[in-house]
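Heads up: the protein sequence lines correspond to chains A and B, in order.
Here the numbering used here runs 1 ahead of the position in the first sequence, where the first position is 1.
Here the numbering used here runs 1133 ahead of the position in the second sequence, where the first position is 1.
Backbone N, C-alpha and C define an ideal beta-carbon position, used for all residues, glycine too.
Quantities reported herein were computed from a predicted structural model and do not represent experimental measurements.
To keep things clear, I will list the structure first and then write my remarks on it.
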Amino acid sequence: NAGVTQTPKFRILKIGQSMTLQCAQDMNHNYMYWYRQDPGMGLKLIYYSVGAGITDKGEVPNGYNVSRSTTEDFPLRLELAAPSQTSVYFCASRVRGTNTEAFFGQGTRLTVV
Amino acid sequence: DQQVKQNSPSLSVQEGRISILNCDYTNSMFDYFLWYKKYPAEGPTFLISISSIKDKNEDGRFTVFLNKSAKHLSLHIVPSQPGDSAVYFCAAQGGSEKLVFGKGTKLTVNP
Chain A
2 NAGVTQTPKF RILKIGQSMT LQCAQDMNHN YMYWYRQDPG MGLKLIYYSV
52 GAGITDKGEV PNGYNVSRST TEDFPLRLEL AAPSQTSVYF CASRVRGTNT
102 EAFFGQGTRL TVV
Chain B
1134 DQQVKQNSPS LSVQEGRISI LNCDYTNSMF DYFLWYKKYP AEGPTFLISI
1184 SSIKDKNEDG RFTVFLNKSA KHLSLHIVPS QPGDSAVYFC AAQGGSEKLV
1234 FGKGTKLTVN P
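Okay, here's the thing in structure tokens:
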């Protein structure tokens, strides 16, 4: 029972490099989310998706892009990495509808140097 | 503009005593509230939730209280155990598909 799987778990990037954080869920959830967690700052929503082909911005979308070609996958793309993107990134998913909890992956710790 | 606020960054209690974690919100559209628990190097895990049509929800040692008029909710843990030591996040949803989180409260339960 995999749930929400994120890869990689750790990554160090140089300034200006690009990378894709992978997120996959096997629960057939329609809704998927990307959050970042900075120390003492809680979880901030980057992007979310309510289904394949539909994405929308959260609180802090600048510097990121997403796509949702399938129900299972929701990759997060970082273009031209900056030190301000050093953070822990969490992917989450939940079933469609109101009053449902989200399930989180284990996180990706990204350092930009 | 922080819509979900957890004003206490940390809380320390003795094992066996009650832990009370507080959360305030500003958005009147929120109608479902959740508490998540997070251990270091792990993702948040769902703990307990409450709908705005209720004022209390209980699950074992965990109880969440909701005061809609004050836009305030609290999580009570009784009795507290050392394994409860973690960061607790309050979250809210309603009016959209977004799930909005507070900054978290680090709970330490001392043996």
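Are the C-beta atoms of G54/A and some chain B residue less than 7 Å apart? With 7 Å as the cut-off, G54/A does not count as an interface residue toward chain B.
Check whether chain B comes within 7 Å of N100/A, counting only Cβ atoms and requiring the distance to be less than that. yes
Whose Cβ in chain A lies nearer than 7 Å to the Cβ of L1232/B? Y34 and A103
Where D1217/B falls: helix, strand or coil (DSSP): helix
Cβ pair count under 8 Å reaching 3, the stretch 74–84 of chain A against the stretch 1196–1215 of chain B: no
Going along chain B, which residues have a C-beta under 8 Å from M42/A? K1236
Counted within 10 angstroms of its Cβ, other Cβ atoms place G108/A as buried (16 or more) or exposed: It counts as buried.
Which term fits S88/A, buried or exposed, when burial requires 16 or more other beta carbons within 10 angstroms of its beta carbon? Looking at its Cβ environment, which holds 16 or more other Cβ atoms inside 10 Å, S88/A is buried.
Please identify, using Cβ separations under 9 Å, the residues of the stretch 56–72 of chain A that lie next to chain B, in order along the chain. D57, G59 and E60
Does the distance from the CB of V61/A to the CB of K45/A come in under 7 Å? yes
Beta-carbon of L1240/B versus every beta-carbon of chain A: anything under 7 Å? no
For Q1139/B, count neighbouring C-beta atoms within 10 Å of its own C-beta (all shown protein chains included) and say buried if the count is 16 or more, exposed if not. buried
Closer than 7 Å to chain B by CB, Q26/A: no
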